[in-house]
Every structure is written in structure tokens, then in C-alpha cells.
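If you count by the numbering used here, then the sequence shown holds residues 106 to 648, one letter each, in order. Glycine is no exception: its CB is placed at the ideal position from the N, C-alpha and C atoms. All figures in this text were calculated on a predicted structure; none of them were measured in a lab.
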Amino acid sequence: MNLQVNQRIPLKIKRMGINGEGIGFYQKTLVFVPGALKGEEIFCQITSVKRNFVEAKLLKINKESKFRVKPACDIYQACGGCQIMHLRYDKQLDFKQDLLQQALKKFKPSGYEQYTIHPTIGMDHPSHYRAKLQFQTRTTNGKVKAGLYAENSHRLIGITDCYVQDQETQRIINGVAELLTKHRIPIYNERKEQGIRTVMVRRARQTGQVQLIFITSCQVNLIKLIDELISQFPSIVTIALNWNKQKTSEVYGEKTEILWGKQAIDEAVLDYEFSLSPRAFYQLNPQQTEILYGEAVKALDISGDEDLIDAYCGVGTIGFAFAKKVKSVRGMDIIPEAIEDAKANAKRMGLSNTHYEAGKAEEIIPKWYQEGYRADALVVDPPRTGLDEKLLKTILDYRPAKMVYVSCNVSTLARDLVELSKAYKVEYIQSVDMFPHTARTEAVVKLSKRDINHHIDLEINEDDLKDISVKKEATYSEIKDYVFRKFELKVSTLNIAQVKRKLGIIERENYNHSKKENQRVPNCPPKKEQAIIDALSWFGMIE
106 MNLQVNQRIP
116 LKIKRMGING
126 EGIGFYQKTL
136 VFVPGALKGE
146 EIFCQITSVK
156 RNFVEAKLLK
166 INKESKFRVK
176 PACDIYQACG
186 GCQIMHLRYD
196 KQLDFKQDLL
206 QQALKKFKPS
216 GYEQYTIHPT
226 IGMDHPSHYR
236 AKLQFQTRTT
246 NGKVKAGLYA
256 ENSHRLIGIT
266 DCYVQDQETQ
276 RIINGVAELL
286 TKHRIPIYNE
296 RKEQGIRTVM
306 VRRARQTGQV
316 QLIFITSCQV
326 NLIKLIDELI
336 SQFPSIVTIA
346 LNWNKQKTSE
356 VYGEKTEILW
366 GKQAIDEAVL
376 DYEFSLSPRA
386 FYQLNPQQTE
396 ILYGEAVKAL
406 DISGDEDLID
416 AYCGVGTIGF
426 AFAKKVKSVR
436 GMDIIPEAIE
446 DAKANAKRMG
456 LSNTHYEAGK
466 AEEIIPKWYQ
476 EGYRADALVV
486 DPPRTGLDEK
496 LLKTILDYRP
506 AKMVYVSCNV
516 STLARDLVEL
526 SKAYKVEYIQ
536 SVDMFPHTAR
546 TEAVVKLSKR
556 DINHHIDLEI
566 NEDDLKDISV
576 KKEATYSEIK
586 DYVFRKFELK
596 VSTLNIAQVK
606 RKLGIIEREN
616 YNHSKKENQR
626 VPNCPPKKEQ
636 AIIDALSWFG
646 MIE
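1) Please classify Arg-520 as buried or exposed, where buried requires at least 16 neighbouring CB atoms within 10 angstroms.
2) Buried or exposed: which applies to Asn-294, given that a residue is buried once 16 or more other Cβ atoms fall within 10 Å of its Cβ?
3) Give me, in chain order, the residues of the same chain whose beta-carbon lies closer than 7 Å to that of Tyr-377; leave out the 5 immediate sequence neighbours on both sides.
4) Which class does Phe-425 belong to by DSSP, given the choice of helix, strand or coil?
5) Got a sec, what are the start and stop residues for the alpha helix (DSSP H) Thr-499 sits in?
6) I'd like to confirm the pairing. Which residues does DSSP put opposite Thr-134 in its beta bridges?
7) Return the bridge partner residues of Glu-378 from the DSSP annotation.
8) Under 7 Å Cβ to Cβ from Gly-122, same chain only, skipping five residues before and after it: list those, please.
9) Roughly how many angstroms separate the alpha carbons of Arg-156 and Ala-640, rounded to a whole number?
10) Give, in chain order, every unbroken run of the beta strand (DSSP E) that is at least 3 residues long and sits entirely within the segment 466–535.
11) Measure the alpha-carbon distance for Ala-208 versus Val-515 and round it to whole angstroms.
12) How big is the Cα-Cα spacing for Val-531 and Tyr-510?
13) Using 8 Å as the cut-off, can you tell me whether the segment 409–419 makes contact with the segment 482–494, which would need three or more C-beta pairs spanning the two stretches below that distance?
14) When you compare only the Cα positions, how much space is there between Ser-574 and Lys-591?
15) Mind checking whether Ala-255 and Gly-300 have CB atoms under 7 Å apart?
16) Following the continuous alpha helix (DSSP H) through Pro-391, name the residue where it begins and the one where it ends.
17) In three-state DSSP terms, what is Thr-274?
18) Can you give the Cα-Cα distance for Phe-379 and Asp-371, rounded to whole angstroms?
19) Scan the segment 262–346 and note each continuous alpha helix (DSSP H) run of 4 residues or more that stays entirely inside, going in chain order.
20) For Lys-495, I'd like the list of residues in its chain whose CB is within less than 7 Å of its CB, leaving aside the five on either flank, ordered along the chain.
21) Considering Tyr-181, what are the terminal residues of the alpha helix (DSSP H) in which it resides?
22) Alpha carbon to alpha carbon, how far is Ala-401 from Asp-538? Give it in angstroms, no decimals.
23) Just tell me which of Arg-504, Leu-330, Pro-339 has its CA closest to the CA of Gln-314.
24) Is DSSP giving Pro-214 helix, strand or coil here?
25) One question on the structure: do Arg-435 and His-460 come within less than 7 Å of each other, judged by their Cβ atoms?
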């Protein structure tokens, strides 16, 4: 059936997707409906038509799920930041366990059917848990408002009472918006590309200290603002300015200046204290961080003799949880300020068995091995993009005996386990609800090195691929859209062409060649190749 935008259709929701949306089938076409729950019978309106699926908005619920609840936030639908607040909390935890199962089924790492996935560890009181906010700013009718962009748009939603945000940080951002208006501080204008574009507020849970960072594209005078801020909000101990003149999705620029107060705020987790400079990463939910790090310590199952590498170490927080229990800890991070924090924190804690360097893990780990440092335990806590391809190869080259993977993205976790499962056995996966009411979860994965004498890796070569039946269908733009939606990867036309050629869908010969004579371009990276193959399968181009 030929579905069209604005067409209204009845639908029964069969399951929930990775973004928290309801999923159903209409005339054999997949339909994604944000806000719908499994088991519900609804009426919806199509908003977007793709080749093999459509997106729709919920109009009416004819049969409501018994697990549907009234969202606690008044701007829940307009904001879109909490995708599943309409689902009862205990069922949110079940959904997040299912997210892991869905991701594993999609990527199929070795032995995934036998993986043990423990029930998600939730919060007793899942509200006001976010200790940090990053709100965009805009001027509307002469007043500054701070908030977040509506989902899939560039329309700013002013937020003055966020249900999941720490109440002190919310109170401060409200005051900041009022003072920015009062003192007529330049606010970012997309046409002029000047002014304050973002405000970051972070509060340490243990000490109550607050850090306030203004991200701007130009020089601004905040002297009058600072005086009133520190008078109104005694919890503020740091006010800083960060310059970001680039038109990118990156929030921070490279230069940060402390305008008033301390260089860093003090925080504590488990049994140790540490400092956080303005750009340093730390988990958004301090209460659940205690549980997350505790699960990481339990999963590594240390004996006390290990040399441990903490990749993506940030200010050192995960490594510090192990430092007094192992022989040594070494960490690295690409943000120099974070490494300086890690060194200062280790010194403050009196740790003499730690070492930190700024740089990429895939470059530093081989250097350490060449220098004689042989780590037998590894902890990785990568960003949502997952492990760097070169780091994956480095891990497989050196194969520490024990490994713990702390993940904030189930899709990239499952993708990375495809490679890691060649050398490691997944003992179990423990999910921790760091972000209640959202479609995100964190997971701690316990891995142990396989006995190579009892493990065989099977590879499919290009001759084997000839047996796969092929159809010529989806366009390159549709494949790119699918890959980005499902895997958060950007693939090029060249990447797709290379994979199609490998699978026997013949492309022009020059797709795989540089325009320079006798020079070939790089092959499609393994992660992207796997995502493209998934897309080709989805569109029915391979079977």
C-alpha cells in the first residue's frame, strides 16, 4: 500500500524501539510512533515516509496500556528529553533490559543468545537526578530564555522547572536568565554568530559546590553579572568563560578562562574525593554513579596483583575505585585538562601507584607495552560512539586477561562486542539506570579472555559472500539515513559502494579508486561495513 504524509491510520503496537518509540505494522510496513506503548491500539498520523518504514505521531489511544502513567513534567511532549516518562517506572527498567537484548540480536556477537543480562538497577526516587545542565540561550521578546531544543528541531523550549534536573542547578539557571536579560548581555544570534550560546551549571552532590560556565562566540563583559550571581547563589564557587567560535555541534571550544573563584569543584564517590575542572567529564547522575562504579569493581574481580589500564579515564574516577586494590593504575584521555585533574586528584589522595597521560588510548597503550608495562586488567568507559576502531584492534592485539566495558550506548556496545567476543567471553551484563524516564541506559560488561586452545574464530571470505542472494533496491541516501538512525554512524557513498561490491552488487570500478593515478582510497572501516550490511538486509537487498 502506498502510504503518504498526513495519512491517518489505525495501529497496534507490537514492541518498543531503541529510542522509546512504539513500533507496529500497517500493511506490512514498519511504523514508528513516539509516545505509544507496547500492547496499545492507537490512531496515528504519518509524518515521514521512508522506503521500508514510516514515522507517525500519536493522535488517539483506543486501547491504553495498563502500564501507562501521566508524565510528571508539564512540558514532557514539547521538550522530548524524557522519551518514556509515560511508562511506569518498573516497566522502564524492563524496557532497558530489553534494549540490550534488542541490540545484541541485531549485531549478533559470538554466543549472544547465552549472555546473562541481569535486571536493570533502578533508583528509589527517580527525579531531580541530573547534577549538570547545559542549556542553550535565546532572546524572545526582549527576555532571555534558557532551555533545550525540541526534538529534531532548532526551536528552543524554555525550561524553568525540569523534573529530572537537580533543583539547585535549575534555580541557578533561572536566575542566570533573569540577570542576562537585566544586564543586556549579548545572547547568541545565528545570523550574527555572536554572543552567549550555552550555559553550563554543575553541582557536586557531596559538597554542594556549583560550577557555572558561559560558552560564548565573542568577548562579553560579565563583571556586573558575577557580583549579583555570587550574592544570590552562595553555592557557586566557580564562574568561567569558554570560547567556541566554531559552527559545530561541539559545545565547548578549546579555551576556558576562570573569571571568578576556584579552578575546580570538589566531589566524592565511593570512598574517595576528587576535583572537577570546567571541561572535565563526570557522570550526570551521582547517586547511580556509586552503583555503576561499584558494579565495575565487582565485575573486574581483582586479586590485588593487577596492573590496570583505565582507558577514557577522564579525571580518573573509575581508576581511583581500583587504585588501592591493585598494584598499579594507568589512564589516558584526549582532554588535557581532565588529565591534569586526574594527576592532581591522585596526588590529593596520596596515591603513588598511578600514572596519567593525555592522548589516544590506541596510541598510548602500545607505547606503554613497548616500554615494558604489561597490563593484565583493562577498564573502558567510552563515549556514546563506542570504542575507537584502532583501540579495538589494540585490545585484541594485547588481550589483557580481565576486562570491564562500561557503556552508555547499547548499540555501540553490541557492535563492539562483535570484535571483542573473538578474544573474550562475556560473563554477564549488568544494566544500571543512570537516566530515568529516558530511552538510555548504562551497562557494565564483565569479560574474560578466552582460552585460545578451545576457541575457534570463523571468518566469511568473499567467495562465501557469493552465495548470498541479492536484490537491487534502496538508494544511497536511504541507506545513509538508516545507518545514522540506528547506529549513529555517518557513512559515505564510497563506503556503501565498497560494501555492495564486496557483496556482489557490482559498482563502477572507480568507486574504490582515488582520482590520483595508481593510488587507492582506504577500505570501508569494519564498524561501518557491518552497519551497511545491516541496512542492506533491512531493505531486502541481501537475504
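On the basis of the supplied data:
1) buried
2) So Asn-294 counts as exposed.
3) Phe-425, Met-454
4) helix
5) 494–503 is the extent of the alpha helix (DSSP H) around Thr-499.
6) The partner list for Thr-134 (beta bridge, DSSP) reads Tyr-131.
7) Looking at the DSSP assignment, Glu-378 forms a beta bridge with Ala-373.
8) So the qualifying residues of the chain are Ile-128, Phe-137.
9) 12 Å
10) 482–485, 507–512
11) 6 Å
12) 10 Å
13) yes
14) At Ser-574, the pLDDT of 44 sits below 50, so the modelled position is not reliable and the matter cannot be decided from this model.
15) no
16) Counting along the chain, Pro-391 sits inside the alpha helix (DSSP H) bounded by residues 391–405.
17) helix
18) 6 Å
19) 272–287, 328–337
20) Glu-467
21) Here the alpha helix (DSSP H) through Tyr-181 covers 181–184.
22) 14 Å
23) Nearest option by C-alpha distance: Pro-339.
24) coil
25) In contact: Arg-435 and His-460 (Cβ atoms closer than 7 Å).
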